[in-house]
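For the sequence shown, the working numbering gives the first residue as 15, with consecutive numbering after it.
Cβ coordinates follow ideal geometry from the N, Cα and C atoms, glycine included.
The block underneath contains the structure these notes are about, expressed in structure tokens.
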Amino acid sequence: MTSRPSPQSVSREADIAPTVPPRPALPHPSPYSFQRLTASLSSIFYATPSTTQDGPSQPTAAQRLEAIAGGSSSTQPSQQGATFFPQANNFHLENFVYNEAPANPGSTTSMQWDRGWEQLMTHTAPNALYNSKARYDPPKCDEDTRVEVIREVMDWMTDRETASTRLLCMTGAAGAGKSALQQTIAERCVANGILASTFFFWKADHTRNNVSGIVATIAYQLGLKHIGMRRLIGAAMCQDPLIFDQSLITQMESLIVKPVKIFRATNGEQAARELPYAIFIDGLDECEDVDQQEALLDAIKESFLDNDHTYFRIFISSRPEWAIRTALEGPLATQHYHIPLSDRYDATADIRRYLWRRLREIGLRSGDPRARKDWPVEEDVEFLVKAASGQFIYAAIVIKYISERRTSPFDRLRVILTWRPAPEQRAAPFAMLDLLYTNILSVAKSAYEDVDTNNPEDFLPLLLAYQGGRKVGLPQDLDMCDSILGYPRKTHELVMSDLRSVTHVSAGQLHLYHKSLVDFLDSKLRARTLYVSTVELYAFVVRRILLNISGYDEKRYNDRNSWDLVSDLLDVLDPWNLDLKPLINEAGPFIYPILHEFTRRGGWDRVEEYGRFLRIGTRSEVEETYSLNLCKTIGSWIFEQVFPALEQVHQPSIFHVQSPHTTTH
15 MTSRPSPQSV SREADIAPTV PPRPALPHPS PYSFQRLTAS LSSIFYATPS
65 TTQDGPSQPT AAQRLEAIAG GSSSTQPSQQ GATFFPQANN FHLENFVYNE
115 APANPGSTTS MQWDRGWEQL MTHTAPNALY NSKARYDPPK CDEDTRVEVI
165 REVMDWMTDR ETASTRLLCM TGAAGAGKSA LQQTIAERCV ANGILASTFF
215 FWKADHTRNN VSGIVATIAY QLGLKHIGMR RLIGAAMCQD PLIFDQSLIT
265 QMESLIVKPV KIFRATNGEQ AARELPYAIF IDGLDECEDV DQQEALLDAI
315 KESFLDNDHT YFRIFISSRP EWAIRTALEG PLATQHYHIP LSDRYDATAD
365 IRRYLWRRLR EIGLRSGDPR ARKDWPVEED VEFLVKAASG QFIYAAIVIK
415 YISERRTSPF DRLRVILTWR PAPEQRAAPF AMLDLLYTNI LSVAKSAYED
465 VDTNNPEDFL PLLLAYQGGR KVGLPQDLDM CDSILGYPRK THELVMSDLR
515 SVTHVSAGQL HLYHKSLVDF LDSKLRARTL YVSTVELYAF VVRRILLNIS
565 GYDEKRYNDR NSWDLVSDLL DVLDPWNLDL KPLINEAGPF IYPILHEFTR
615 RGGWDRVEEY GRFLRIGTRS EVEETYSLNL CKTIGSWIFE QVFPALEQVH
665 QPSIFHVQSP HTTTH
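Set out below in structure tokens:
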């Protein structure tokens with residue numbers, strides 16, 4: 015070795031890395047023999063395997079990943095290639111040919127991680143990113159709004175030393191502004207350099223209404239933050255190309271947890287803690303499959319919360335539907351920090367500020383002079399604030415409708431304030447809100463129908479009976495409604511299990527978060543296939559009570575509810591109740607088959623047995639009159655209301671309405 019080699023004096027049949035500039039000459043270079051050269055090459059490219067009786071052992075996946083990690087802390091791809099002759103100079107090689115080949119067929123070279131990274135990207139969901147083109151102009155919190163809740167989340171996110179939990183769950187009603195908060199806080203985390211990844215679910219986008227791409231998308235974003243992580247994740251993909259055919263837990267362990275663990279072991283604790291750590295998952299309820307929602311929560315618990323290998327803090331937002339509600343009450347009970355948005359924060363003042371600011375901006379941009387000075391007026395803004403019921407989605411939809419540039423904002427605000435659904439109206443300012451309610455109710459209805467013991471036709475009438483039963487003579491207490499209608503205890507909890515985003519229970523009564531849901535349910539034009547008229551609801555309630563009575567036996571009459579049922583039925587059928595009289599007049603055609611069924615089931619025998627029980631029992635005289643009043647009420651109702659409504663019914667069919675124990679003469 016007598017002189018420096020020229021660039022052409024070293025040829026490679028396989029390209030391994032860009033050439034680095036020659037190192038500065040070092041004093042007193044050590045001479046290199048051919049044997050030492052060979053040993054250097056072997057030590058660089060091939061880890062010396064341990065031997066067993068069966069021969070050389072294969073390096074583990076973790077060992078390969080550690081070799082690829084390389085200790086680089088650069089955020090840019092490394093340009094440094096392999097060093098053949100460390101600390102050597104003044105040598106000459108002739109006719110040297112280097113062939114690169116893996117020592118073991120399953121090993122992962124520095125080139126293969128790149129192919130693994132490219133393969134990973136094919137499994138991502140780009141539309142789910144916070145800055146995705148598909149989410150252009152995403153909802154964000156307006157200036158000076160949601161200040162307190164943003165501060166609470168950011169304090170939790172940045173307090174890595176004393177905060178006891180690494181999972182924050184924000185739940186809130188539909189339209190409460192959860193996605194806007196996620197977007198706003200994610201952008202602040204970007205500015206602070208702590209955002210690791212985001213995933214925004216959305217039901218209408220097939221690429222992000224399921225969990226198939228969530229692990230790849232999170233891993234992809236982590237890899238963008240550090241070249242060392244990118245190499246490790248890409249190498250992990252090479253180790254198991256079928257990783258996405260396995261469980262979410264397996265995916266998270268292979269593509270996120272293990273790479274982070276190896277990165278920490280290779281680069282040190284401090285370097286690992288300096289990685290961005292905030293993971294945002296928005297709209298978990300928008301994932302269409304409830305089982306997938308559960309699987310994701312289980313994977314987060316096992317991969318991120320049950321071990322100390324990662325430093326991530328996960329922020330999940332969702333409507334308080336079944337999957338996340340049961341997880342927070344069960345497996346995650348002690349491992350999460352919960353912000354119930356709709357219950358803890360009153361957004362009324364923020365909505366008022368938002369409406370004033372946005373309407374004034376729209377007016378100033380408008381060419382309509384009516385929308386300039388003194389517009390809008392306080393009375394109109396307060397009307398909108400009240401209609402919003404604390405839910406930002408209503409205000410956002412109003413602003414979106416009014417801001418249409420091809421029309422006058424003054425006229426569009428008038429449409430909002432005076433709009434009533436009618437067949438001849440072309441304006442549909444709340445079409446987006448209607449779609450939201452349709453989706454929520456349809457999903458809940460489908461979940462109820464999936465239980466084989468449930469009658470699919472009962473869901474909507476039951477919901478309306480709980481919500482507005484007083485219109486048809488029912489009490490507001492949910493347990494009493496279940497009992498009167500003949501359903502098992504706590505049936506109302508099953509009906510509302512997937513409606514927690516629009517309803518809540520307080521003092522045993524059902525309440526809706528948003529007044530606009532009542533308007534939606536009351537409008538046939540808006541609710542469409544989900545519409546149930548008050549007359550249909552009334553007929554449903556009468557039928558359920560009659561079925562409940564006809565299903566009683568003598569032993570059950572010892573239960574106080576048995577004689578209460580007769581009183582409840584009297585309240586519902588009372589023809590002298592001025593509020594119910596219009597319903598009774600319209601319900602004749604609906605009630606006729608119901609009475610037919612009641613008679614066929616021996617309902618009159620149950621009434622007679624009930625009367626006999628009262629006569630031999632210790633009931634008061636007032637209570638004894640219930641059965642007589644029932645017969646009188648139903649009799650007068652049949653002959654005064656039902657029969658006149660059945661004038662077109664074929665006469666012989668009426669004679670089929672009889673007890674099976676009665677003989678027709």
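| Item | Value |
| --- | --- |
| Bridge-paired residues (DSSP) for residue 205 | Answer is none; residue 205 lacks a bridge partner. |
| Beta-carbon proximity of residue 286 to residue 325, cut-off 8 Å | yes |
| Proximity below 8 Å, CB of residue 330 to CB of residue 295 | yes |
| Residue 481 classed as buried or exposed, judged by whether at least 16 other C-beta atoms fall within 10 angstroms | buried |
| Contact the segment 170 to 186 vs the segment 496 to 507: 3+ CB pairs below 8 Å | no |
| Contact the segment 251 to 264 vs the segment 202 to 216: 3+ CB pairs below 8 Å | no |
| Rounded straight-line distance, which links the Cα of residue 238 to that of residue 322 | 23 Å |
| Endpoints, alpha helix (DSSP H) assigned at residue 307 | 304 to 314 |
| Distance between residue 456 and residue 300 (C-alpha atoms, nearest Å) | 13 Å |
| For residue 335 and residue 512, believed in contact at Cβ under 8 Å, the rounded distance | 5 Å |
| Touch test, the segment 532 to 540 against the segment 409 to 417, Cβ-Cβ under 8 Å, three pairs minimum | no |
| Three-state secondary structure (DSSP) of residue 326 | coil |
| The segment 385 to 395 in contact with the segment 345 to 365 per 3-pair CB rule at 8 Å | no |
| Simplified DSSP assignment, three categories, for residue 475 | helix |
| Closest Cα partner of residue 268 within the set 291, 218, 232 and 297 | 232 |
| Unbroken beta strand (DSSP E) run spanning residue 395, endpoints | First-last for residue 395: 392 to 402, but that is the alpha helix (DSSP H), not the beta strand (DSSP E). |
| Distance CB(residue 141)-CB(residue 149) smaller than 8 Å | yes |
| Test item: CB-CB of residue 553 and residue 601 under 8 Å | yes |
| Contact check, residue 397 vs residue 342, beta carbons under 8 Å | no |
| CB contact flag (residue 258, residue 230, <8 Å) | yes |
| Rounded Cβ spacing between residue 194 and residue 153 (contact assumed at less than 8 Å) | 4 Å |
| Status (buried if at least 16 other CB within 10 Å, exposed otherwise) for residue 159 | buried |
| For residue 183: DSSP bridge partner residues | 330 and 352 |
| Residue 474 beta carbon less than 8 Å from that of residue 561 | no |
| Length of the line joining the Cα atoms of residue 197 and residue 477 | 34 Å |
| Presumed contact (8 Å Cβ cut-off) between residue 557 and residue 333, rounded CB distance | Their Cβ separation, rounded to whole angstroms, is 33 Å, which puts residue 557 and residue 333 out of contact at 8 Å. |
| CB of residue 452 within 8 Å of CB of residue 404, strictly | no |
| Proximity below 8 Å, CB of residue 163 to CB of residue 355 | yes |
| Buried versus exposed call for residue 470 [16 or more other C-beta atoms within 10 Å across all chains shown] | exposed |
| Cβ pair residue 564, residue 616 closer than 8 Å | yes |
| Beta carbon of residue 234 nearer than 8 Å to that of residue 138 | yes |
| Inter-residue spacing [alpha-carbon to alpha-carbon] between residue 384 and residue 550 | 46 Å |
| Separation of residue 416 from residue 122, as counted between CA atoms | Low per-residue confidence applies at residue 122: pLDDT is 49, beneath 50, and the placement is therefore not dependable enough to give any value. |
| Residues bridged to residue 221 (per DSSP) | The partner list for residue 221 (beta bridge, DSSP) is empty, contrary to what the question assumes. |
| CA nearest to the CA of residue 312, picked from 518, 345 and 157 | 345 |
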